[in-house]
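Protein chains in written order, with the working numbering: chain A, 1 to 127; chain B, 1001 to 1127.
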DNA sequence: ATACATGCAAAGAATTTGCAGCTTG
DNA sequence: CAAGCTGCAAATTCTTTGCATGTAT
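Set out below in structure tokens:
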């Protein structure tokens, strides 16, 4: 399955690069739709998946909300506000080699991990 | 909203206590349905939510799969097999006070975090 | 040419919700 | 008896898929 270089795929990558961090598929769709009203939402999802698989972008799975997509390459984590659902970046010193510390069922191959925080964002706290 | 002590709520709690770890709402539903064929799925979801909120059980949000529910009290994390979707417990030495290490937007209140791993389980590796 | 992609609409999976009637305190 | 619940079905939300047509290589 050799990949093609389609207009739509480039638009999606371009959008992720242009828009603010951790956008949802829906946001990418609305963004691109402004200039390309006929793009289909399925195409957005398909291309986000392909780009993430190729490592061009990063898929961030947010518990309790739609997946987000990042262009950022370096590792960072996220907090989700339990009131409004907004997602923010958080910084944290690299955890010392988490992958070598885990113990799972015998023979389990560990590939990846993610840490996600929950909290209440400044705006929601003062309401 | 004072809580009542309903048969259904007790059945759900009982089910979580009886069944193996990290079960899905669907599994709880099927389990209870054996003896109470008229229980509604909405009731299962509502009660799982209430019990989790009360701290009687723990909700574990699995990226890319349905929520799981645990009776286990102590902290532990999970791996999800990317091939078959099965979820396993993992053990890891307590991380030294992650909550005090995070830096988020100014004024963000951090409440909780979870770590989730991905991997390939023994069964799927040998297939 | 021909395999891969697209747009559109419909299907799916997980969960939530509206509502009339039933229960618990 | 009033506030909570329940069962049921329909609605929501996010994402995937089938298919006829389009297009990059």
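Note that CB positions come from ideal geometry on N, CA and C, so glycine has one too.
Query: Would you mind working out which of 1009/B, 1108/B and 1114/B sits nearest residue 1054/B, comparing C-alpha positions?; Result: 1009/B
Query: Find the residues of chain B that neighbour residue 75/A, judging by a C-beta separation of less than 7 Å, and give them in chain order.; Result: In chain order: nothing, as chain B lies at least about 13 Å away.
Query: Closer than 7 Å, CB to CB, is residue 88/A near chain B or not?; Result: yes
Query: Is DSSP giving residue 119/A helix, strand or coil here?; Result: strand
Query: Determine the DSSP secondary structure at residue 41/A, reduced to helix, strand or coil.; Result: helix
Query: What are the partner residues of residue 1059/B, as DSSP defines its beta bridges?; Result: 1069/B
Query: Within the continuous beta strand (DSSP E) that includes residue 80/A, where are the two ends?; Result: 77-81
Query: May I have the straight-line CA-CA distance separating residue 36/A from residue 21/A, to the nearest angstrom?; Result: 22 Å
Query: Which one or two residues does DSSP pair with residue 131/A in a beta bridge?; Result: The shown model of chain A, from 1 to 127, leaves out residue 131/A, and the question about it has no answer.
Query: To be precise: take each residue of the stretch 56-67 of chain A, compare its Cβ to all Cβ atoms of chain B, and keep it if any distance is under 7 Å. Which residues remain?; Result: 61, 63 and 64
Query: Check each residue of the stretch 100-113 of chain A: if its Cβ is closer than 9 Å to any Cβ of chain B, include it; give the result in chain order.; Result: 101, 102, 103, 104, 105, 106, 107, 108, 109, 110, 111, 112 and 113
Query: Can residue 1051/B and residue 1011/B be called in contact, C-beta distance under 7 Å?; Result: no
Query: Between the stretch 39-51 of chain A and the stretch 1069-1079 of chain B, do three or more beta carbon pairs fall short of 8 Å?; Result: no
Query: Quick one: give me the first and last residue of the alpha helix (DSSP H) that residue 1003/B is part of.; Result: Per DSSP, residue 1003/B belongs to no alpha helix (DSSP H) and is neither H nor E.
Query: Just tell me which of 1040/B, 1121/B, 1016/B and 1107/B has its CA closest to the CA of residue 1085/B.; Result: 1121/B
Query: Within 7 Å of any Cβ in chain B, is that where the Cβ of residue 115/A sits?; Result: yes
Query: Which residues mark the beginning and the end of the alpha helix (DSSP H) in which residue 26/A is found?; Result: 25-33
Query: Under a Cβ-count criterion, where at least 16 other Cβ atoms within 10 Å of its own Cβ denotes burial, should residue 68/A be classed as buried or exposed?; Result: buried
Query: Please classify residue 1127/B: does DSSP put it in a helix, a strand, or coil?; Result: coil
Query: Please state whether DSSP places residue 1054/B in a helix, a strand or coil.; Result: helix
Query: In this structure, does DSSP put residue 1086/B in helix, strand or coil?; Result: coil
Query: Whole angstroms are fine: how far does the CA of residue 1003/B sit from the CA of residue 58/A?; Result: 43 Å
Query: Along chain B, in chain order, which residues have C-beta atoms closer than 8 Å to that of residue 92/A?; Result: 1098, 1101, 1102 and 1103
Query: Comparing the C-beta of residue 1020/B with each C-beta of chain A, is any distance below 7 Å?; Result: no
Query: Count the other C-beta atoms from every protein chain shown that fall within 10 angstroms of the C-beta of residue 1007/B, then say buried if there are 16 or more, exposed otherwise.; Result: exposed
Query: If you drop the 5 nearest sequence neighbours on each side, which residues of the same chain put their C-beta closer than 8 Å to that of residue 117/A?; Result: 77, 78, 79, 80 and 90
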